[in-house]
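The structure appears right after this line, and notes come after that.
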Amino acid sequence: MRRLVTGRPWIVTLLAIAVVLAAWATATWTGAVSDLLLPTPDELWSGGADLVVNGYKGYSLGAHIGLSLMRVAVGFGIGTILGTILGLTMGMSPTVDALAAPFIEFLRPLPQLAYLVLLIVWFGIGETPKIVLLFLAALPVSAVAARDGVRQVSPQRVQAAQSLGASPFQIFLHVVLPSALGDIFIGARLSIGIVYATLIAAEMIAGSSGIGWLILDAGRFLRSDYVIAGILMIAAMGVGLDRGLLLAQRRIVHWAGK
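Count the sequence shown with our numbering and you get residues 683 to 940, in order.
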């Protein structure tokens, strides 16, 4: 068994998936679990196909997915870019760090949904409160990751660049930034997970479109096939976003670990 795991771990993965699928099919097809609670495999397939063909409540499935991804892209993109710039500045300047750190450390552990209602009061019902919420979810994580990346830069590298006559900007561009990129990408991967989970919850609370809202609304009508199909879509989208960032990290920070 140990040889199987170390030599071909994908076989163990496939076996685990097969066991779960077999247990699901057995439990639902034999009637041990009601289809109101868990759809059978064929019901799930039919429900997913129906969503693909007919959409849900006035939107196509592609529109629901597109709206969710648009919110993630805007909120995550702006929050990560500004958070990274802020974090790099905090790492380079103790003064900026002293000014910004209290606010970053206040936002970082705060549950994002705690201030969603306040954002709705400020910005109304629409896209703005959701995007601002996602921005505030991405900003502190990215800022802390970038700041810590700068702080972990080897002093010997900086001193070597200084001894060769490099200017402060050249040191930042050619020494500090490349050394911190690994931490910046780690922060981005952590951030996208938080942003994605926050988006689904925000759509459930204050939405009328998107995958999160689709799941909540389908649950009200006991459409467990739609709910499970939506959950699988959310999982696939989340894995895709994470793998996309991981691929970008491997291509951009190709020297990491070498």
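Backbone N, C-alpha and C define an ideal beta-carbon position, used for all residues, glycine too.
{"Query": "Cβ contact check for the stretch 820-828 and the stretch 743-762: 3 or more pairs under 8 Å", "Result": "yes"}
{"Query": "Beta-carbon contacts of residue 721 that lie in its chain and below 8 Å, excluding the five residues immediately before and after", "Result": "710, 729, 906, 907 and 910"}
{"Query": "For residue 738, the residue or residues it bridges with in DSSP", "Result": "741"}
{"Query": "Residue closest to residue 749, alpha-carbon to alpha-carbon, out of 889, 929, 903 and 931", "Result": "889"}
{"Query": "Residue 856, DSSP secondary structure in three states", "Result": "helix"}
{"Query": "Which listed residue (924, 896 and 850) has its alpha carbon closest to that of residue 913", "Result": "896"}
{"Query": "C-beta atoms of residue 858 and residue 826 nearer than 8 Å", "Result": "no"}
{"Query": "Where residue 847 falls: helix, strand or coil (DSSP)", "Result": "coil"}
{"Query": "Proximity of residue 792 and residue 815 at Cβ, strictly below 8 Å", "Result": "no"}
{"Query": "Residue 694 classed as buried or exposed, judged by whether at least 16 other C-beta atoms fall within 10 angstroms", "Result": "exposed"}
{"Query": "Distance CB(residue 884)-CB(residue 798) smaller than 8 Å", "Result": "yes"}
{"Query": "Limits of the unbroken alpha helix (DSSP H) element including residue 698", "Result": "691-711"}
{"Query": "C-alpha distance - residue 777 paired with residue 839, whole-angstrom precision", "Result": "23 Å"}
{"Query": "Proximity below 8 Å, CB of residue 807 to CB of residue 756", "Result": "no"}
{"Query": "Cut-off 6 Å between Cβ atoms - residues of its own chain near residue 790, not counting five sequence neighbours on either side", "Result": "822"}
{"Query": "Sufficient close CB pairs (3 or more, under 8 Å) joining the stretch 696-706 to the stretch 858-870", "Result": "no"}
{"Query": "Three-way DSSP call (helix, strand, coil) for residue 722 in this model", "Result": "coil"}
{"Query": "Given residue 922 as reference, the closest of 902, 903, 882 and 875 once Cα atoms are compared", "Result": "875"}
{"Query": "Host alpha helix (DSSP H) of residue 830 (start-end)", "Result": "809-833"}
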